[in-house]
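Engineer: Top to bottom, those sequences are chains Y and L.
For what it's worth, this note's numbering labels the leading residue of the first sequence as 3, then goes sequentially.
For what it's worth, this note's numbering labels the leading residue of the second sequence as 9, then goes sequentially.
Backbone N, C-alpha and C fix where the C-beta goes; we use that ideal spot for every residue, glycine too.
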Amino acid sequence: MLSSTIQIETKNLNVYFDKHYVLKDVNIKIPAKQLTAIIGPSGCGKTTLLKSFNRLLEIHDEVKISGNIFVDGQDIFDSKGDEIPDIRKKMGLISQKPYPLPMSIYENVAYGLKIHRKKTKKGELDAAIQHYLQEVGLWNEVKDRLHDPASRLSVGQQQRLCLARAIAVEPEVILCDEPTSALDPIAAQQIEKLLLKLKQNYTVVLVTHTLRQAKRLADYVIFLYFGMVIEQGPAEDVFNNPKNPATIAYIKGDIS
Amino acid sequence: MNKRKLRDLIGTKLMLIATLFVSLLFFLIFVLLLFRSGLVLQDNSLFDILFSSTWNPDNSQFGLAPIIIGTILVTGIALLIAIPISLLSAIYIAEYAPWKIRRILRPFIDVLAGVPSVVYGLCAFLFLVPLTKDVIAPWFGVQSTGLCIFTAAVILAVMVFPIIISLCIESFNAVPLALKEASLSVGATKWETVKKVVFRASTPSVIAAILLGFGRAFGETIAINMVIGGIPRIPSSVFSPGETLASLIASKYGELMSIPVHESALMLVALILFVVVLVFNILGVFILRRAKRRWTY
Ligand SMILES: Nc1ncnc2c1ncn2[C@@H]1O[C@H](COP(=O)(O)OP(=O)(O)O)[C@@H](O)[C@H]1O
Ligand SMILES: [Mg+2]
Chain Y
3 MLSSTIQIET KNLNVYFDKH YVLKDVNIKI PAKQLTAIIG PSGCGKTTLL
53 KSFNRLLEIH DEVKISGNIF VDGQDIFDSK GDEIPDIRKK MGLISQKPYP
103 LPMSIYENVA YGLKIHRKKT KKGELDAAIQ HYLQEVGLWN EVKDRLHDPA
153 SRLSVGQQQR LCLARAIAVE PEVILCDEPT SALDPIAAQQ IEKLLLKLKQ
203 NYTVVLVTHT LRQAKRLADY VIFLYFGMVI EQGPAEDVFN NPKNPATIAY
253 IKGDIS
Chain L
9 MNKRKLRDLI GTKLMLIATL FVSLLFFLIF VLLLFRSGLV LQDNSLFDIL
59 FSSTWNPDNS QFGLAPIIIG TILVTGIALL IAIPISLLSA IYIAEYAPWK
109 IRRILRPFID VLAGVPSVVY GLCAFLFLVP LTKDVIAPWF GVQSTGLCIF
159 TAAVILAVMV FPIIISLCIE SFNAVPLALK EASLSVGATK WETVKKVVFR
209 ASTPSVIAAI LLGFGRAFGE TIAINMVIGG IPRIPSSVFS PGETLASLIA
259 SKYGELMSIP VHESALMLVA LILFVVVLVF NILGVFILRR AKRRWTY
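Written out as C-alpha cells, the structure reads:
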C-alpha cells in the first residue's frame, strides 16, 4: 500500500485527558517525504494526535498515554526525559494561529540555531537566516527590517516566519495544525504552495478541517472520527473510493 | 424611552463627577502638602534640607540626608532580596509545580499579600530582631540591637514577596501555550523556554510587578517603624538603627505638630514621598509602554 518508507508509525496509541478518552487505539503509518493530511470533524482528536508525535502532549499534567509511536523505527517513548528535546527537534510545529516569539524577525529564525549552537559565527548565522527566510518566501519582504519585532508582521507573514523558524533546525518532519485557518485566502495559498514545496525534503503532516485543502495537497489521508482512525490510505483511494460509511458521509459533507 | 435616555445621561454625569472628585482629591492633597511645607522652606533651602545630615528640629535643623539614605537602603536592600526570590518562586509555581501544589499555593500567596503590615511588624519584632541581634549581626562581626536597617529591609522584602510573586505568576500564566510549544518544538529545553520565551514575553508585566513592589516598600510605614530603631542618623552599617521618610512621619507627627515649623518640615517629608511615588508611577507607565512595544507576542 505504501511505496515509500515509513516516517511515523503508531501502535495502539491511546490518549486520555484525565478521564476523557481522546485517542482510541490509533494505528497509523505516515510515509516519509510525502504530505499526509489528517482530516476529521472538530474535536475528533487531530491536534492531540499531531502533538503526540513530538511528545508535546506530555507538558500537560493530566495527560495519560499508552501505546507506541515509532519515528524512523525508534519508539519515542523509550527516550528519557532529557532526550525529549532531541525528539522534538526532529519535528517542526506550525500552529493554528501564528505565534512568533517575542523577539525580532531575525531572532525568531535564529532561535533554534542558537539553542543548538549551530552556525555560531555571525556571518554563517546571517547567511542561514537569509537562506531560511528565502525558503519561505519572506526574505524580500523583511530584509530591510530584520531587527523589527516579529509581531509587526502581518498574520500571513508571521505564519511563514514560524515555518522558517521551524525548518531552521533542519527537522525531518513538519507538523502543521490547521496552518491556514487564521489566514486570508492569499496568505493561505502561499502557505499551501510552500507545503507542497517542502514535502520534497520533509515529511509533512497537515491537520486540516477543510476537505478541499486536503484534496488539493494530500498524498495520503487519515480520517479521524471521535478519536478513532476510520480510514487511511493514499489520497485518491480515500477521496474517490471511501469504504466506511462515516468517511463517505464526511466526504459528502453530511458531517462536519 | 425618555426615561431611559435620562437615566443614561444621569449615569454618565455621575461617573464623570466621581472621576472629577477623585482627581480633585489627588490635586488637593498635593496642593495642601505644597502649601504647608512652605514655612520650613522660608528659612532653609531645599538643597540644605535634602543634603545636610543633622535632623534636630529643636535646634531648627531639618537635614533629611540620613533619613533619605535610610529610606534608600531599606527599600533597596528589600528589593534586592525580594526580586530574585520572588521571580524564582513565581516561575516555579507557574511553570514547574504540579497542578495540585499550584492550586494550594496560589490562594495562599494572595492571603499573604493581604495580611496587615502591623502583623508582619510584630512578627519581625518578636523573632527577627533577636535573631539579628544574637546571630546575624555577630556573624558579620557587628554589634547591633537588632532594631536596624537590615531587619527593616528583611521584613519589607517578606512583605513585598507576595505582591511580586502573585503578579508574576499571573503574567507567566498569560503567556499562550502555543508560544511555549513553539519554543519546545524546535528542541528547546523547558528552562530555555522559560528563560527565553515565558520570561521575555512577560517582561512588561514583571517590570510592572517590581514597580508595584517598590511602591509598597517605599511607602511602608508601620512595620518599619516597629523595627528600624527610629534614629535619624547616617547609619554606619546596615546593622545600625536608622529611619525612613514614612516611618519618620509616623513616629514624629504627635510631638512635632505643635510647632508650626516642625509641622511644616514633616509636611515636606510627606511631599517628598508623594512626589517620588508619583514620579515612579509615571516612569513605570513609560517603561511599560516601551517594553510592551518591544515584547508583544
Ligand atoms: N488540554 C486538554 N484538556 C482536556 N481535554 C482536552 C485538552 N485538549 C483537548 N482536549 C479534548 O480532546 C478532544 C480532542 O481535541 P483536539 O485534539 O483539539 O481535537 P481537534 O484538533 O480535532 O479539534 C476534545 O474533545 C477536547 O475537548
Ligand atoms: Mg485542533
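#1: Using the beta-carbon count (16 or more within 10 Å), is residue 248 of chain L buried or exposed?
#2: Apart from the five residues just before and just after residue 280 of chain L, which ones in its own chain have a Cβ nearer than 7 Å to its Cβ?
#3: For chain B, find out if any of its Cβ atoms is closer than 9 Å to the Cβ of residue 64 of chain Y; answer yes or no.
#4: Pop quiz: residue 82 of chain L and residue 160 of chain L are said to be a contact at Cβ under 8 Å. What is the actual Cβ separation, rounded to whole angstroms?
#5: Can you check the stretch 172 to 254 of chain L for any beta strand (DSSP E) of at least 3 residues that lies completely inside it and give the ranges in chain order?
#6: Confirm, please, whether the CB-CB distance from residue 23 of chain Y to residue 16 of chain Y is below 9 Å.
#7: Determine the direct distance from the alpha carbon of residue 78 of chain Y to that of residue 89 of chain Y, and round the result to whole angstroms.
#8: So is residue 187 of chain L in contact with chain Y if we call contact Cβ pairs under 9 Å?
#9: Where does residue 293 of chain L fall in DSSP's three states?
#10: Hey, which residues come within less than 5 Å of ligand 1, measuring from Cβ to any heavy atom, in chain order?
#11: In the DSSP output, what is residue 22 of chain Y paired with across the bridge?
#12: Quick one: does residue 209 of chain L have its CB under 9 Å from some CB of chain Y?
#13: In chain Y, what lies closer than 9 Å to residue 197 of chain L by C-beta?
#14: Would residue 14 of chain L be called buried (16 or more neighbouring beta carbons within 10 Å of its own) or exposed?
#15: Compute the Euclidean distance between the alpha carbons of residue 298 of chain L and residue 214 of chain L, then round it to the nearest angstrom.
#16: Considering residue 176 of chain Y, what are the terminal residues of the beta strand (DSSP E) in which it resides?
#17: Would you mind telling me which residues of chain Y sit closer than 8 Å to residue 205 of chain L, beta carbon to beta carbon, in chain order?
#18: Ends of the beta strand (DSSP E) at residue 140 of chain Y?
#19: How many angstroms separate the CA atom of residue 160 of chain Y from the CA atom of residue 16 of chain L?
#20: How many angstroms separate the CA atom of residue 197 of chain L from the CA atom of residue 249 of chain Y?
#21: Less than 9 Å between the C-beta atoms of residue 2 of chain Y and residue 107 of chain Y, yes or no?
#22: Return the first residue and the last residue of the alpha helix (DSSP H) that residue 38 of chain Y is part of.
#23: Look at the Cβ atom of residue 240 of chain Y, then the Cβ atom of residue 253 of chain Y, and state whether they are nearer than 9 Å.
#24: Could you please give the first and the last residue of the uninterrupted beta strand (DSSP E) stretch that includes residue 105 of chain Y?
#25: Could you compute how far the alpha carbon of residue 293 of chain L sits from the alpha carbon of residue 89 of chain L?
#26: So, under 8 Å CB-CB, residue 219 of chain Y and residue 39 of chain Y are touching, yes? Tell me the CB distance rounded to an integer number of Å.
#27: Just the C-alpha distance for residue 181 of chain Y and residue 102 of chain L, rounded to the nearest angstrom, thanks.
#28: Is the stretch 156 to 175 of chain L close to the stretch 260 to 277 of chain L, with three or more CB pairs under 8 Å?
#29: Can we count residue 215 of chain Y as close to ligand 2, meaning its CB is less than 8 Å from some heavy atom?
#30: Is there a Cβ from chain L that is less than 9 Å from the Cβ of residue 230 of chain Y?
#31: At least one CB of chain L closer than 9 Å to the CB of residue 24 of chain Y: is that the case?
#32: Going by CA-CA distance only, name the one from Y:100, Y:202 and Y:85 that's closest to residue 186 of chain Y.
#33: Chain Y beta carbons: is any one of them nearer than 9 Å to that of residue 192 of chain L?
#34: Nearest-angstrom Cα distance between residue 255 of chain L and residue 157 of chain Y?
#35: Less than 9 Å between the C-beta atoms of residue 224 of chain L and residue 168 of chain L, yes or no?
#36: Run through chain Y and tell me which residues come within less than 8 Å of residue 200 of chain L, C-beta to C-beta.
Structural biologist: Taking the structure as given:
#1: buried
#2: 253
#3: No chain B is part of this structure, whose protein chains are labelled Y and L.
#4: 5 Å
#5: none
#6: yes
#7: 7 Å
#8: yes
#9: helix
#10: Y:19, Y:24, Y:44, Y:45, Y:46, Y:47, Y:48, Y:49 and Y:50
#11: Y:19
#12: yes
#13: 84, 86, 87 and 117
#14: exposed
#15: 14 Å
#16: 175 to 179
#17: 103 and 104
#18: Looking at the DSSP string, residue 140 of chain Y is not in any beta strand (DSSP E), and its letter there is neither H nor E.
#19: 44 Å
#20: 40 Å
#21: As shown, chain Y starts at 3 and ends at 258. That puts residue 2 of chain Y outside it, with no answer to give.
#22: From DSSP, residue 38 of chain Y is part of no alpha helix (DSSP H) but of the beta strand (DSSP E) over 37 to 41.
#23: yes
#24: Neither: residue 105 of chain Y is in no beta strand (DSSP E) and is coded neither H nor E.
#25: 24 Å
#26: 7 Å
#27: 29 Å
#28: no
#29: no
#30: no
#31: no
#32: Y:100
#33: yes
#34: 53 Å
#35: yes
#36: 117
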